[in-house]
Amino acid sequence: MRSLLKFVSIVLCLLGAVEFIQAGTTGKIVGRVTDAATGEGLPGVNVFLENTTFGAATDMDGNFMIIGVPPGTYTLVASYVSYREVRVTGVQVNIDKTRRVDVKLEPATLELEEAIVVEADRPLFRKDLTSTESSIGRETIEALPVEDLSEVINLQAGVVNGHFRGGRVGEVMYMINGIPMNDVYSGTYALEVENNSIQELNVISGTFNAEYGQAMSGVVNVVTKEGGTKPELNVSVYSGGYLTAHDDIFWQKDFNPIYDVQFTAGGPFPFTGNKLRYFMSGRWNKDPGYIYGRKVFLPTDHTSDFLLKDVPEERQFMSHGKIYQFSEELARKLIDEAQAVSMNTMERYSGNLKLTYQLTNVDKINVETMYQRRAWRQYDHRFRLNPDGDYRYKQWTINASLTWKHVFSNRTFMDVYFSYFYTNFKQHVYEDPYDPRYVVKERLQDTGANAFVSGGQQMWHFDRSTLTHLFKSDLTSQINYHHQIKMGVEAKRHRLWLHEFEILPDQENRIAPLTSFQNNKYVHYPVEFSGYIQDKMEYEDLIVNAGVRFDYFDPDGEVPTDFLEPGKAPRKKANSSMQFSPRLGLAYPISANGAIHVSYGHFFQTPNYFYLYTNPEFDIDPLQSSVAPPPQSLKNTIGNANLKPQKTTIYEIGLQQQIGQLYGISMTVYFKDIRNLLGTQVFQTLEGIRYGRYINRDYGFVRGFTLDMEKRYSSGFALNIDYTFQVAKGNASDPNNAFLDAQANKETVKQLVPLNWDRRHQINAALQLGTPSTLMASVIARYGTGMPYTQASRVVQPLVENGGRKPDEFNVDVYLNKQFSLGRYKYSVFVKVYNLLDRLNELQVFQDTGRATYSTEPLYAGGIRPRGLNTLEDYYIHPEFYSAPRRVQLGVQVGF
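What follows is the structure in structure tokens.
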């Protein structure tokens, strides 16, 4: 901690003379006001954004600048004595971007002449774009067939199933209103902002400025809505379900409806003069899932002699406590008539409340809290005839933040943040570890190969939580029209708590002592500190983003001093780490409607804390495998609190060009060099037991090309098409590969191979037809070539890792919306259809055939029936190998 204070002091001294800025939640508007007849600049013109406190006066040359503007669409008003007022509507402001609006004023001939109204065009290229990013406004999100934030993100060029430009999952920073929201344990976002709360979504898939840290592949920044000056309310209700012709795969017996209820409300509080405003939203979503099992067995069923008798007709088994004599007819009857149970259900509650108080003309306070609770199941094929024996998952998350903005002048303002983030995750079968329904894990072994389990349940209880306190202090100063100096400091303190243990029903206490492998518990308090300096230089022919970032990390962990006996050896405190990372981006306008950008940067990220603290007692079990292994980690792997930051160096060059008034095109070529990725080093104890320890050992690279074409909405339609070509290679897709190879007595790959998410070609297309205010239709079509898989054969050893390719994927989603008004109320009736063609996209495949539809393995069984209730044909139908089937939703929305 003393070393942290030392570095904080040094950095604060270095940064003390420079102004600070809020990280990525506002934009700015610049322009020039001139006399329409002479073209001369007009000084002292009052320029402001209607219904806001944002405004400025023009200088001697007619130039003006309004900074710190939240993303959204505004009406800009220019007012000057003896001239007609001009109102420019539809001025769109994006996060971290400069919007230029030039205004021409005409002399007033009459004292009461009406104002001139001008509609601003949204530019199809951004002059100050120095890296690849997308800004998606709420109007666009509302017009697309998307349900969640992740679906919007995956539509962006360079993003494949959450992987940004070939990076691993967990290498993306997720932010809400400029505040990081990653769960540092897993690296993912535990709090998903609902689409109805989003004002603007900013997705940076290329290089990013020094203000962003703890990310190697990309940044997702969400700015939530604020309450307006008028009351508003919207309520939507819809229902639907999965309508598929593939019941033989998904085993769906009856139609089970999906339910979704959402609302938003906002506006000013009465008697506050619009100084106190609120925005609130809520959602309840219940999805029954589409993969079903049959409740043939209960976990407590225990009398089954599938393994004891070679002749099937001589076998007995228990179903729901009753003993049966096996026969083919009885087995089929029990499966067909058993209760259908969904094995991938999901239910979610979420809510958001944001209060905005304009304390004075120069002080603004935002208080926001977001809450989310989820319960779900994940399909495990072994439990298809014993669905009650598989895990249940629960998670609840809350975030509370306070932001105070103080404006010193029209070019300088300060922001102070306090944030509280807490998430709790649980995984178990029964909530009470002493529940009498728990039976010994040997029940999971009552059936043989290629047979569903006939009793028993998963044995572990897993419970963890992450608590993060954050403090930020930021300030902005636009030094002149050419330089915007940015700098920020941020401090975070985490509390990570975990307790996992295996249920031992045959023992008196049922829970093993903490000194054993079957019981692990820890609490850690890691600390992060960061600071950055950045200058955005804007000239007529060149825009430069240049900066440097400093990151410090204290893991608050221990490491063993002897790896021959890691559980018994003395321990020493883990080392802290620090790094500097430079960033540079250039944009060079080549015409009035085109620009080239070049960017370069070094990016660092502390590994997900899961890998730092796994198996905290460093216990090594003599048994290399288990019927019921730990649910979140591999058996006999240990964490490493001395892990170094993972590093990425990114180069990028791109071109933007607007063609006419309706079309825009952008192209980008990029290269990523990735080092210090996590892998495992295999050790051996004095007793000869092998185990794995996480280290920085893996390497990878990504190179690719993206092409994006947009047609602005006009004549009743808009179109956006993006294409990604990408090659992502490395020596491991999974950090556990080396240890898994050692367990299988395989030699670890010593060459670069395609990573699991290496999709060579991806095309996304979004088409919008009609008029949004009356009748509208939108379609999203996606095509992607197959992901890699490792081929296997019974005749020869496995071929090159990831040497094969799965089948291509194709999907079409449709949204139809009819709007009408009755009095002050607006109504809309809509239908959404996901996977319109009910296509079976093969996400996983059998290694011997490269298809999900069949395997040659049953041929080698020689017609011998599995030692269980199911047939071979039953077992080799894997519903989890496929994407979700067709889903249809009908709904209605009302609001004012």
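Residue numbers (our numbering): 239 to 1134.
The beta-carbon is built from N, C-alpha and C at its ideal position, and this holds for glycine as well.
Owing to the predicted nature of the structure, the values given are computational and were not obtained by experimental measurement.
Less than 8 Å divides the Cβ of Gln895 from the Cβ of Asn831. For Arg586 against Arg553, the beta-carbon gap comes to about 43 Å, at or over 8 Å, which does not count as contact. With fewer than 16 other beta carbons inside 10 angstroms of its own, Ile1102 counts as exposed. The segment 826–896 contains, as complete beta strand (DSSP E) runs of 3+ residues, the segments 832–843 (chain order). Here Thr661 is buried. Its C-beta has 16 or more other C-beta atoms within 10 Å. Counting the other Cβ atoms within 10 Å of the Cβ of Leu924 gives fewer than 16, which makes it exposed. If the five residues before and after Phe791 are omitted, its C-beta is found closer than 6 Å to the C-beta atoms of Glu766, Ser815 and Thr844, all from its own chain and listed in chain order.
Cβ atoms of Ala381 and Gln1006 come within 8 Å of each other, at about 6 Å.
Residue burial annotation: Phe1084 is buried, with at least 16 other C-beta atoms found within 10 angstroms of its C-beta.
Cβ neighbours of Asp485 within its own chain (closer than 6 Å, five residues either side excluded): none.
Within the segment 318–387, the runs of alpha helix (DSSP H) at least 4 residues long that lie entirely inside it are, in chain order, 376–380. Check the Cα spacing between Arg338 and each of Ile749, Val458, Glu778 and His1116: the tightest is with Glu778. Less than 8 Å separates the beta-carbon of Asn433 from that of Asp386. Under the three-state reduction of DSSP output, Lys571 falls in the helix class. Here Pro537 is buried. Its C-beta has 16 or more other C-beta atoms within 10 Å. Membership of Asn783 in any alpha helix (DSSP H) is not indicated; the residue belongs instead to the beta strand (DSSP E) covering Ile781 to Asp792. Around the CB of Leu429, 16 or more other CB atoms lie within 10 Å, so the residue is classed as buried. Under the DSSP assignment, Pro798 falls in the beta strand (DSSP E) whose first and last residues are Glu796 to Pro798. For the pair Arg403 and Lys513, the Cα-to-Cα distance works out to about 44 Å.
In the assembly as shown, Glu746 is an exposed residue. Its beta-carbon has fewer than 16 other beta-carbons within 10 Å. For secondary structure counted as the beta strand (DSSP E) over 3 or more consecutive residues, the segment 670–699 holds no complete run.
Each of Ala980, Tyr908 and Gln884 was checked against the Cα of Ser863, and the nearest Cα belongs to Ala980. Contact check for Met1014 and Lys1044: beta-carbon distance about 35 Å, past the 8 Å limit, so the pair fails to qualify. For Ile927, there is no enclosing alpha helix (DSSP H), as DSSP gives it neither H nor E.
An exposed status is given to Ile828, since fewer than 16 other beta-carbon atoms sit within 10 Å of its beta-carbon. Beta-carbon to beta-carbon, Asp366 and Lys335 are separated by about 6 Å, close enough to satisfy the 8 Å threshold. If you look at Phe286, you'll find it in the beta strand (DSSP E) that goes Asn284 to Leu287. Nearest C-alpha to Thr635 among Glu567, Gln577, Thr706 and Asp670: Thr706. Glu738 sits buried, since 16 or more C-beta atoms from the chains shown fall within 10 Å of its C-beta. Taking the C-beta atoms as reference points, Asn974 is found nearer than 8 Å to Thr875. DSSP lists no bridge partner for Thr426.
Taking all protein chains shown into account, Ile487 has 16 or more neighbouring C-beta atoms within 10 Å of its C-beta and is therefore buried. By the C-beta density criterion, Asp548 is exposed, having fewer than 16 other C-beta atoms within 10 angstroms.
In the DSSP assignment, Glu278 falls outside any beta strand (DSSP E) and carries neither an H nor an E. Following the DSSP letters along the chain, one finds Asp498 inside the beta strand (DSSP E) bounded by residues Ile496 to Pro506. Out of Ile529, Pro361 and Ser317, the CA that lies nearest to the CA of Leu900 is found in Pro361.
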